[in-house]
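Chemist: Pasting in a structure now, in structure tokens, and then I'll have a few things to ask.
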Amino acid sequence: EKMGVDRRQLTSDKYGPESTEMRAGRIQAQEMAKLIFEDVRKTGRKVSDRDVLAVLRLWAFKNNDNRQNVMKEGVTFVHSDTLGLLAGRDGSVLVTAATTEYKEVTQIICKWLEDHTPKDLKNKFCFSSINVNSGYAAALHRDANNEGPSMIKALGKFSGGELNYWGEDDKSKGTVEKVCQHEDRLTVDICGNLLLFDGNRGHSVEEFEGERFSLVFFTNGQYRKADATLQAGIKDCGINFPTEKSMDYFKAMMDKPIGYVRSASAPKRSTQKIWRQPPERKPAGADFTSEAKMKLARTSAFKRSETEWSTECSDTEFIDSKIDHYIAADGRRGVRVCLVGASGKSVLVVDTIEDRKRGGHYKYEKLETFPHGPSLSSHRIADVRDWISAIVKPGRSKAGGTKRCLRNKATAAEPSAPPTKRARGAGA
Numbered sequence: 001e002k003m004g005v006d007r008r009q010l011t012s013d014k015y016g017p018e019s020t021e022m023r024a025g026r027i028q029a030q031e032m033a034k035l036i037f038e039d040v041r042k043t044g045r046k047v048s049d050r051d052v053l054a055v056l057r058l059w060a061f062k063n064n065d066n067r068q069n070v071m072k073e074g075v076t077f078v079h080s081d082t083l084g085l086l087a088g089r090d091g092s093v094l095v096t097a098a099t100t101e102y103k104e105v106t107q108i109i110c111k112w113l114e115d116h117t118p119k120d121l122k123n124k125f126c127f128s129s130i131n132v133n134s135g136y137a138a139a140l141h142r143d144a145n146n147e148g149p150s151m152i153k154a155l156g157k158f159s160g161g162e163l164n165y166w167g168e169d170d171k172s173k174g175t176v177e178k179v180c181q182h183e184d185r186l187t188v189d190i191c192g193n194l195l196l197f198d199g200n201r202g203h204s205v206e207e208f209e210g211e212r213f214s215l216v217f218f219t220n221g222q223y224r225k226a227d228a229t230l231q232a233g234i235k236d237c238g239i240n241f242p243t244e245k246s247m248d249y250f251k252a253m254m255d256k257p258i259g260y261v262r263s264a265s266a267p268k269r270s271t272q273k274i275w276r277q278p279p280e281r282k283p284a285g286a287d288f289t290s291e292a293k294m295k296l297a298r299t300s301a302f303k304r305s306e307t308e309w310s311t312e313c314s315d316t317e318f319i320d321s322k323i324d325h326y327i328a329a330d331g332r333r334g335v336r337v338c339l340v341g342a343s344g345k346s347v348l349v350v351d352t353i354e355d356r357k358r359g360g361h362y363k364y365e366k367l368e369t370f371p372h373g374p375s376l377s378s379h380r381i382a383d384v385r386d387w388i389s390a391i392v393k394p395g396r397s398k399a400g401g402t403k404r405c406l407r408n409k410a411t412a413a414e415p416s417a418p419p420t421k422r423a424r425g426a427g428a
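Numbering follows full-length UniProt numbering, with no gaps: position 129 of the sequence shown is 129.
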């Protein structure tokens, strides 16, 4: 409420895994991404490292305890989120809720990679997923359920934190600890370089001091299961979804591992590709990491425009709803309910305010401007939800809106596909 936000606004429409604090931080990161896109469109400039850093500083990371393969001894969780495609334990593939819920965050990261794609690449890098990591140095590991080609970049103000990579790691020869010896590593400064590597081969991160984020673009090993609807939803978020042809192009850039042969006559091979991309000294555009821009994102994140709450709507079918909690100028708490029509437009249907400050008593009534559905007059929010259920028929809007979490089962061509491990991605 210090930000003029009713706490219920952060909890009423958050999805399951989010805490209230996470929801608040991610909404602010989303607003920051919108502000950056506005500046990019006005100036025609590229998305800079600094832009992405501004978004990541506001983003609230979850305490991820699923990524056991990247945790060093004594670590119980890491700050890591996956945007894009994920493999479910039931054989399905899904687009994580955060991908579409905070679409502009996903888009700004994808646009950054597009704008920084090396000129010698014939194709834009293809990927289905992004691991967004903060503040940890990954232990030696091989990725699980990764198609292989991965692009990585680190951002922030830190020292250390280089990526160690064992490009000749042939996992058929033993465990990652057995095959990947310290003296065989290739150490890459991924703050000053963009690295293409195979995430299925051994890699780790050096210890570091300071603020360090990393972005790992990769393709989930189950990406072929994604149907047309799922692919359309993920592409709408800016992700350059792979095809067999584009995936083969990037696989061909890295020689297959043969294990480590300690011989003076060992042939020179290419198991990775490195492009020099030092931190920008004078990035174009406004500095969105400045305190003024950070404050702007925080304060504007929860403001509602009047047009968002229009009482005029030509729709007769409604596919979604939203309950908005706000704090009025006199300190009283209010509740607004809007419905989303099949056209994608929203219409305000209920607008009420408590009888007195902190009174907590509301009278919910359907606005006279909304002619559809049964009558509504109640003091109980549960009755409002029942009323919404009688009108709303969930679906996809004509404007292209999507559900928070897109999912489809294994395709008919794979009827006996066994349950899959979740893709643990690259901890770097």
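All residues carry an ideal CB built from backbone N, CA and C; glycine is no exception.
Since the structure is predicted, the reported quantities are computational estimates derived from the model, not experimental observations.
1. Could you tell me which of Glu280, Ala226 and Ala137 sits nearest to Glu211, measuring between CA atoms?
2. If I measure Cβ to Cβ from Glu18 and keep anything under 6 Å in the same chain, skipping five residues before and after, which residues do I get?
3. In chain order, which continuous runs of the alpha helix (DSSP H) of length 4 or greater are located wholly inside the stretch 232-283?
4. Looking at the unbroken beta strand (DSSP E) that takes in Lys173, where does it start and where does it end?
5. In whole angstroms, what is the alpha-carbon distance linking Arg142 and Thr289?
6. Quick check: the stretch 215-229 against the stretch 92-100, are at least 3 beta-carbon pairs closer than 8 Å?
7. For Leu94, which three-state DSSP category applies?
8. Closest by CA to Gly192, which one among Phe37, Gly167, Lys124 and Gly156?
9. Going by DSSP, what residue range makes up the beta strand (DSSP E) through Ala297?
10. Please classify Asp49: is it buried, with 16 or more other beta-carbons within 10 angstroms of its beta-carbon, or exposed?
11. Count the other CB atoms, across all protein chains shown, that sit within 10 Å of the CB of Thr99; report buried if there are 16 or more and exposed otherwise.
12. Which value, in whole angstroms, describes the spacing of the CA atoms of Ile388 and Ala29?
13. Once you ignore the five residues that flank Leu367 on each side, which residues in its own chain have a CB closer than 7 Å to its CB?
14. Given a threshold of 16 other Cβ atoms within 10 Å of its Cβ, counted over all protein chains shown, does His379 qualify as buried or as exposed?
15. Does Tyr223 come out as helix, strand or coil in the three-state DSSP assignment?
16. What would DSSP say about Ala428, mapped onto helix, strand or coil?
17. Measuring alpha carbon to alpha carbon, tell me which of Thr117, Gly84 and Leu121 ends up nearest Gln107.
18. Run through the stretch 91-171 for me and flag every whole alpha helix (DSSP H) of 4 or more residues, listed as ranges in chain order.
19. Quickly, what does DSSP pair Arg333 with across the bridge? List them, please.
20. What does the Cβ neighbour count give for Val70, buried or exposed, with the cut at 16 atoms within 10 Å?
21. Would you mind reading off the limits of the alpha helix (DSSP H) that contains Val55?
22. By DSSP, does Phe218 sit in helix, in strand, or in coil?
23. If you draw a straight line from the alpha carbon of Ile234 to that of Phe37, how long is it in whole angstroms?
24. Which residues mark the beginning and the end of the alpha helix (DSSP H) in which Leu35 is found?
25. In terms of DSSP beta bridges, what is Asp315 paired with?
26. Taking contact to mean at least 3 C-beta pairs separated by less than 8 Å, is the stretch 159-166 in contact with the stretch 194-209?
27. Whose CA, out of Tyr102, Asp248 and Arg358, lies closest to the CA of Cys126?
28. Nearest by alpha-carbon distance to Lys103: which of Glu31, Asp169 and Glu280 is it?
29. Tell me the rounded alpha-carbon separation between Ala390 and Gly373.
30. Would you mind giving the Cβ-Cβ distance between Ala54 and Asn145, rounded to the nearest angstrom? I have them listed as a contact below 8 Å.
31. Taking its Cβ as the centre, do 16 or more other Cβ atoms sit within 10 Å of Ile258, making it buried, or is it exposed?
32. Provide the residue(s) that pair with Ser321 in DSSP beta bridges, ordered along the chain.
33. Can you tell me whether Val200 is helix, strand or coil according to DSSP?
34. Our contact map puts Val340 next to Phe318 with C-beta atoms below 8 Å; I'd like the distance itself, whole angstroms only.
35. Measure how close the beta-carbons of Pro198 and Met254 come, nearest whole angstrom, since I'm counting them as under 8 Å.
36. At what residue ranges does the stretch 357-389 contain a whole run of the alpha helix (DSSP H), taking only runs of 4 or more?
Modeler: Looking at the atomic coordinates:
1. The closest CA to that of Glu211, considering only Glu280, Ala226 and Ala137, is found on Ala137.
2. Correct list: empty, nothing qualifies.
3. Fully enclosed alpha helix (DSSP H) runs of 4 or longer: 244-251.
4. That residue, Lys173, is in no beta strand (DSSP E); it is neither H nor E in DSSP.
5. Spanning the two alpha carbons is a distance of roughly 34 Å.
6. Result yes; three or more Cβ-Cβ pairs closer than 8 Å.
7. Secondary structure of Leu94 (DSSP, three-state): strand.
8. Minimum Cα distance to Gly192 is reached at Gly156.
9. Where Ala297 is concerned, there is no enclosing beta strand (DSSP E), although the alpha helix (DSSP H) it sits in stretches over Glu291 to Ser300.
10. Under this definition Asp49 is a buried residue.
11. By the 10 Å Cβ count, Thr99 comes out buried.
12. One C-alpha to the other measures close to 30 Å.
13. Around Leu367, the same chain offers Thr311, Leu348, Val349, Val350 and Asp351 as residues with beta carbons nearer than 7 Å, after the five sequence neighbours per side are excluded.
14. That one is exposed.
15. If DSSP states are grouped into helix, strand and coil, Tyr223 belongs with the helices.
16. In the structure shown, Ala428 sits in coil (DSSP, three-state: anything other than H, G, I, E or B).
17. Of the candidates Thr117, Gly84 and Leu121, the one whose C-alpha sits nearest the C-alpha of Gln107 is Gly84.
18. The stretch 91-171 contains these whole alpha helix (DSSP H) runs: 97-101 and 103-115.
19. DSSP, once it has assigned bridges, lists Ile327 as partnering Arg333.
20. Burial of Val70 is indicated by the presence of at least 16 other C-beta atoms within 10 angstroms of its C-beta.
21. Residues Asp49 to Leu58.
22. Correct three-state label for Phe218: strand.
23. Here the alpha carbon of Ile234 sits roughly 19 Å from the alpha carbon of Phe37.
24. Unbroken alpha helix (DSSP H) run through Leu35: Thr20 to Thr43.
25. DSSP lists no bridge partner for Asp315.
26. Touching, per the Cβ criterion.
27. Ranking Tyr102, Asp248 and Arg358 by Cα distance to Cys126 puts Asp248 first.
28. Minimum Cα distance to Lys103 is reached at Glu31.
29. Going by the C-alpha atoms only, they are around 7 Å apart.
30. Distance from Ala54 to Asn145 at the Cβ level is roughly 31 Å; contact not present, criterion being Cβ atoms closer than 8 Å.
31. Exposed is the call here.
32. Leu339, per the DSSP bridge assignment.
33. Per the sequence shown, residue 200 should be read as Asn rather than Val. Asn200: coil per DSSP, three-state reduction.
34. Contact flag correct, Cβ pair sits at about 6 Å.
35. The question names Pro, yet the displayed sequence has Asp at residue 198. 5 Å between Cβ atoms; contact.
36. Those alpha helix (DSSP H) runs which fall completely within the stretch 357-389 and span 4+ residues do not exist here.
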